[in-house]
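Q: Supplied in structure tokens, the structure appears directly below.
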Amino acid sequence: MGWIGETVDSVKSIQIRQLISQVVSLGMIVTSALIIWKGLMCITGSESPVVVVLSGSMEPGFKRGDILFLHMGKDPIRAGEIVVFNVDGREIPIVHRVIKVHERQDTGEVDVLTKGDNNYGDDRLLYAQGQQWLQRHHIMGRAVGFLPYVGWVTIIMTEKPIIKYLLIGALGLLVITSKE
Amino acid sequence: MHSFGYRANALLTFALTILALICAMASFSDNLNSPSPSAHVQVLNINWFQKSSQGNDEVSMTLNISANLQSLFTWNTKQVFVFLAAEYETPKNSLNQVSLWDGIIPAKEYAKFGIHTTNKYHFDDQGSNLRGKEYNLTLHWHVMPKTGKMFADKLVMTGFRFPEEYR
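So this is what it looks like as structure tokens:
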């Protein structure tokens, strides 16, 4: 009888160890993703270092589903740069090009006007009511790099949440059931 | 160990790594190109020049822009965005940049162009400082790659001056 109890005990302890190691490896994956994201935030100085293009207003340069890498830095904003900005009262940031810059002599503050390459007129219609110019604090970053198509993954996942949950479920199942 | 899932995972990881590496190399190869663009801009006419009801100076002008940007194109170039901006300093502002005209060049064949146009965007100052003001016309270009890093540069043309009186 003694050896049966021992075997049961050893089996139990193996399963508990396996379970713990799987939880730890899952935690490692999640935390390393978090570390990469926060690290990018530190390096680029932008609160969201990577954005997905959601509209066609910058075509043919940027299409829906393309990914942009942002950088903020201390450099002043100049005409021609592609900036990502937030408008008060709008949740989704906009990616457009700067067409006018007025920089103050004394304070160094800037007034900026933007326009989408594919839009007919400038962005004053998109700004908050009565707003003529963007200031520095509206701007989240300027685009420095470009990667096509990759953003479709996030677009599909936000528009069809079911796919997101299926994917998360499948990945979770894989991690838990994998033996190696 | 050699299950289907394991092999599929390895293959996918390998494919993505190679793809990322090739994208990085394509972007890096842009550095090997040393372009020599040229441009010439003329202000043919000041169509009108006045003070708006808000008190800001406004100008309409006719421009002749010719440029050869063909050397900017490499195999990783998707398009070149080119624009002409008036740049000047006023007592209030250390820098004013106003875009007057812009265009998208989709391919190398179209990168040598001459264009005759009035300013596409409204040219107004913040204030009333433009009479007799000296300004630069700067041709800027932003190279958008198929993938990777974006490039920008400019050609500054100096010695332009607004008329002393409204017209």
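Chains as they are written, first to last, in our numbering: chain A, 1 to 180; chain B, 181 to 347.
The beta carbon of each residue, even a glycine, is placed where N, CA and C say it ideally should be.
(1) Does I92(A) come out as helix, strand or coil in the three-state DSSP assignment?
(2) Express the C-alpha separation of I245(B) and H296(B) in angstroms, rounding to a whole number.
(3) Report the three-state DSSP secondary structure of T298(B) (helix, strand or coil).
(4) With V153(A) as the anchor, note down where its alpha helix (DSSP H) starts and where it stops.
(5) Can you check whether the CB of L264(B) is closer than 9 angstroms to the CB of L319(B)?
(6) Smallest Cα separation from R136(A): which of S25(A), P76(A) and L166(A)?
(7) Have a look at the DSSP bridge pairing and note the partners of L147(A).
(8) Taking V239(B) and F342(B) to be in contact with their CB atoms under 8 angstroms, please state how far apart those CB atoms are, rounded to whole angstroms.
(9) Quick one: any contact between the region 205-216 of chain B and the region 244-261 of chain B, if contact means 3 or more CB pairs under 8 angstroms?
(10) For the region 273-304 of chain B, which residues have a CB atom closer than 8 angstroms to at least one CB atom of chain A, in sequence order?
(11) Just curious, the alpha helix (DSSP H) that G414(B) is in, first and last residue?
(12) Would you say D75(A) lies against chain B (beta-carbon separation less than 9 angstroms)?
(13) Does chain B have any CB closer than 9 angstroms to the CB of G108(A)?
(14) L69(A) to G145(A), Cα distance in whole Å?
(15) Starting from N189(B), follow the alpha helix (DSSP H) in both directions and report where the run begins and ends.
(16) Give the list of continuous alpha helix (DSSP H) stretches no shorter than 4 residues that lie fully inside the region 268-324 of chain B.
(17) Anything in chain A within Cβ reach of T197(B), meaning under 7 angstroms, just list it in chain order.
A: Taking the coordinates as given:
(1) The residue given as residue 92(A) occupies position 92 in the first sequence. Here I92(A) carries a coil assignment [DSSP, helix/strand/coil].
(2) Counted from its first residue, the second sequence places residue 296(B) at position 116. Counted from its first residue, the second sequence places residue 245(B) at position 65. Rounded to whole angstroms, H296(B) to I245(B) spans 6 angstroms at the Cα level.
(3) Counted from its first residue, the second sequence places residue 298(B) at position 118. Correct three-state label for T298(B): strand.
(4) Residue numbering aside, residue 153(A) sits at position 153 when the first sequence is read from its first letter. Counting along the chain, the alpha helix (DSSP H) containing V153(A) begins and ends at W152 to E159.
(5) As a working note, residue 319(B) is residue 139 in the second sequence. As a working note, residue 264(B) is residue 84 in the second sequence. Taking 9 angstroms as the cut-off, the Cβ atoms of L319(B) and L264(B) count as close.
(6) One-based indexing of the first sequence puts residue 136(A) at position 136. For R136(A), the closest alpha carbon among the candidates S25(A), P76(A) and L166(A) is that of P76(A).
(7) The residue given as residue 147(A) occupies position 147 in the first sequence. I67(A).
(8) Numbered from its first residue, the second sequence carries residue 239(B) at position 59. Numbered from its first residue, the second sequence carries residue 342(B) at position 162. Sure, about 7 angstroms apart at Cβ, within 8 angstroms.
(9) Three or more pairs of CB atoms, one per stretch, sit closer than 8 angstroms, so the region 205-216 of chain B contacts the region 244-261 of chain B.
(10) Answer in chain order: N273, S274, L275, N276, Q277, V278, S279, D282, I284, P286 and Y301.
(11) The structure shown does not extend to residue 414(B), since chain B spans only 181 to 347, so no value can be given for it.
(12) In the first sequence, residue 75(A) corresponds to position 75, counting from 1. No - not a single Cβ of chain B is within 9 angstroms of the one on D75(A).
(13) Sequence index remark: in the first sequence, residue 108(A) carries index 108 (1-based). Contact with chain B is found for G108(A), since one of that chain's Cβ atoms lies less than 9 angstroms from the residue's Cβ.
(14) As a position in the first sequence, residue 69(A) is number 69, starting the count at 1. As a position in the first sequence, residue 145(A) is number 145, starting the count at 1. Before going further, note that residue 69(A) is Phe rather than Leu in the sequence given. So the two alpha carbons sit approximately 5 angstroms from each other.
(15) Numbered from its first residue, the second sequence carries residue 189(B) at position 9. Its alpha helix (DSSP H) spans residues F184 to S209.
(16) Entirely contained in the region 268-324 of chain B, not one alpha helix (DSSP H) run reaches 4 residues.
(17) To locate residue 197(B), count along the second sequence from 1; it is residue 17. The premise fails here: T197(B) is roughly 14 angstroms from chain A at the closest Cβ pair, so nothing lies under 7 angstroms.
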